[in-house]
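Below: one structure, written as structure tokens.
Right, here's the structure in full:
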């Protein structure tokens, strides 16, 4: 097992994957989609370590369920106009398979890039090799750093409601509002810090 995918320049890796994914949007071929997915899986297995494999497996479990839903949607509602609504026909099954293959091909690109590329390394490579302006790179890194804070604040908000005996589901507006209030405060502090460091339009 090797990890050569992790050693590739993140900027060039991003450009190649984004370019191939963009070109794939204009291709509607089941065979090509499955070949692309097979190649991405082969590269992933060949160029990553075992712990990255397990991360991909954990992420793929809900994605398989989503893919099955996409296939069923195409198989049930993707028939021709002469078929009765909701009837599974050969053409509708082919439509479902095409939708499923496109989903898997784009999923392969996404996993290949996201699990073999560090976010900070990508931003630094975009600034160095892609000539990304310094203020945009600083802002992107600040936003990436805020993601763990948002997750922590969300958990703290749910815990605070639970301590008070108030019912709050995972998507409760009360929890989300409490989290967003702190996020707005952090964004203002971040904007002030960036301005004091010279990251402003003037």
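Numbering (the numbering used here), first residue to last: 216 to 417. Every residue gets a Cβ at the ideal spot worked out from N, C-alpha and C, and that includes glycine.
Euclidean distance between Cα positions of residue i and residue j
i           : j           : result
residue 312 : residue 413 : 53 Å
residue 227 : residue 339 : 12 Å
residue 331 : residue 380 : 42 Å
residue 233 : residue 375 : 42 Å
residue 219 : residue 262 : 5 Å
residue 342 : residue 287 : 43 Å
residue 274 : residue 320 : 15 Å
residue 393 : residue 399 : 10 Å
residue 241 : residue 377 : 49 Å
residue 224 : residue 409 : 28 Å
residue 373 : residue 402 : 21 Å
Pick from the options that is closest to residue i, judged by C-alpha positions
i           : options               : result
residue 337 : 356, 324, 289 and 323 : 356
residue 370 : 350, 395 and 348      : 395
residue 308 : 406, 400, 229 and 245 : 245
residue 404 : 368, 385 and 361      : 361
residue 254 : 221, 323, 276 and 410 : 323
residue 411 : 350, 368 and 363      : 350
residue 229 : 345, 251 and 387      : 345
residue 353 : 366, 368, 363 and 335 : 335
residue 314 : 284, 276, 303 and 305 : 284
Contacting residues, own chain, Cβ-Cβ under 7 Å from residue i (five flanking each side not counted)
i           : result
residue 259 : 271, 326 and 327
residue 249 : 316
N-terminal and C-terminal residue of the alpha helix (DSSP H) that residue i is part of
i           : result
residue 276 : 265-292
residue 338 : 334-343
residue 386 : No alpha helix (DSSP H) contains residue 386, which DSSP labels as neither H nor E.
residue 218 : Segment: none, residue 218 is in no alpha helix (DSSP H) and carries neither H nor E.
residue 320 : 305-329
residue 350 : 349-378
residue 255 : 245-262
Cutoff 6 Å; reference residue i; Cβ partners in own chain excluding five residues on either side
i           : result
residue 389 : 383
residue 278 : 322
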